[in-house]
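Here the structure is laid out as structure tokens; the discussion comes afterwards.
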Amino acid sequence: MNILVITGSPRKNGNTEIMASAFANAAKEAGHVVTVKKLSTLKVEPCLACTYCFSHDGVCIQNDDMNSILTDLDQADMLVLASPVYWFDVSAQTKCFIDRMYASAKKGFHIKSIAMLLNSVSDGVYDAAKAQLNSICSYLKWENKGVITVSGMNEKGSMLKSEGLDKVRSFANSL
1 MNILVITGSP RKNGNTEIMA SAFANAAKEA GHVVTVKKLS TLKVEPCLAC TYCFSHDGVC
61 IQNDDMNSIL TDLDQADMLV LASPVYWFDV SAQTKCFIDR MYASAKKGFH IKSIAMLLNS
121 VSDGVYDAAK AQLNSICSYL KWENKGVITV SGMNEKGSML KSEGLDKVRS FANSL
């Protein structure tokens, strides 16, 4: 399976990227092809709602890094969104990516399934992100492979000491 992992934290080498890296390595060991795109290092502007993409086979009018991500998206069987939870939902960077997926809405997606890797300081803050995932799956008819949540991420690098990494690796191995 070809898996595209999008990390949506603005923090380079933080807990979200550590979590996504553990997932990607375990998925590769399980025989999958994995591409990781780190939004912390890329420029992805908000959607302009201009619908240029609808008359140009999913090509966005904006000339930013989302265009290369859209190419990766076209080849992916599964999408994994990795995000910190800020104020009860995915990061603004993750939401921006999700909104920009609109460029492929008219032509459709190759993707068949999706999952989320979420981390936060507090437990019990994941409902909005899970609801968004469920809505995406319902609308696009994608299989929801699940959500892995890891709380207690009080500082950069907390993930390295977390038992949550074992959950992430097990999840990747189960695909």
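Residue numbers (full-length UniProt numbering): 1 to 175. The C-beta atom is built at its ideal place from N, Cα and C for all residues, glycine as well. Please read all numbers here as calculations on a predicted model, not as lab measurements.
Any C-beta of chain B sitting closer than 8 angstroms to the C-beta of residue i?
| i | result |
| --- | --- |
| V34 | Looking for chain B here will not work: only one protein chain is present. |
So residue i packs on residue j, CB below 8 angstroms; how close in whole Å?
| i | j | result |
| --- | --- | --- |
| A115 | T16 | A115 to T16, Cβ: 14 angstroms. No contact. |
| V147 | L133 | 6 angstroms |
| V36 | T7 | 7 angstroms |
| R169 | A20 | Not a contact, Cβ separation roughly 12 angstroms. |
Just verifying my parser: in three-state terms, what is the DSSP assignment at residue i?
| i | result |
| --- | --- |
| D72 | helix |
| K106 | coil |
| T51 | coil |
| D65 | coil |
| D123 | coil |
| residue 185 | With the chain represented from 1 up to 175, any question about residue 185 goes unanswered, as that position is not in the structure. |
| M19 | helix |
| K95 | helix |
| V168 | helix |
| N25 | helix |
| C137 | helix |
| R11 | coil |
| K130 | helix |
| M1 | coil |
| S151 | coil |
| K156 | coil |
Can you name, in chain order, every residue of its own chain whose Cβ lies under 7 angstroms from the Cβ of residue i, other than the five neighbours on each side?
| i | result |
| --- | --- |
| A76 | N2, I3, L4, H110, I111 |
| S120 | P84, V85, S151, M153 |
| L42 | D65 |
Can you pull the DSSP bridge partners for residue i?
| i | result |
| --- | --- |
| A115 | V80, G146 |
| E42 | Looking at the sequence shown, residue 42 is not Glu but Leu. Paired residues: none, contrary to the question. |
| Y86 | D89 |
| I6 | K37, L81 |
Relative to the C-alpha of residue i, which candidate in the options has its C-alpha closest?
| i | options | result |
| --- | --- | --- |
| K106 | A24, D57, E45, M19 | D57 |
| Y139 | S113, E29, F23, F97 | S113 |
| S174 | K28, L39, N13 | K28 |
| L165 | F23, C53, G14, K12 | F23 |
If I measure Cβ to Cβ from residue i and keep anything under 6 angstroms in the same chain, skipping five residues before and after, which residues do I get?
| i | result |
| --- | --- |
| K145 | S113, A115 |
| D89 | A128, A129 |
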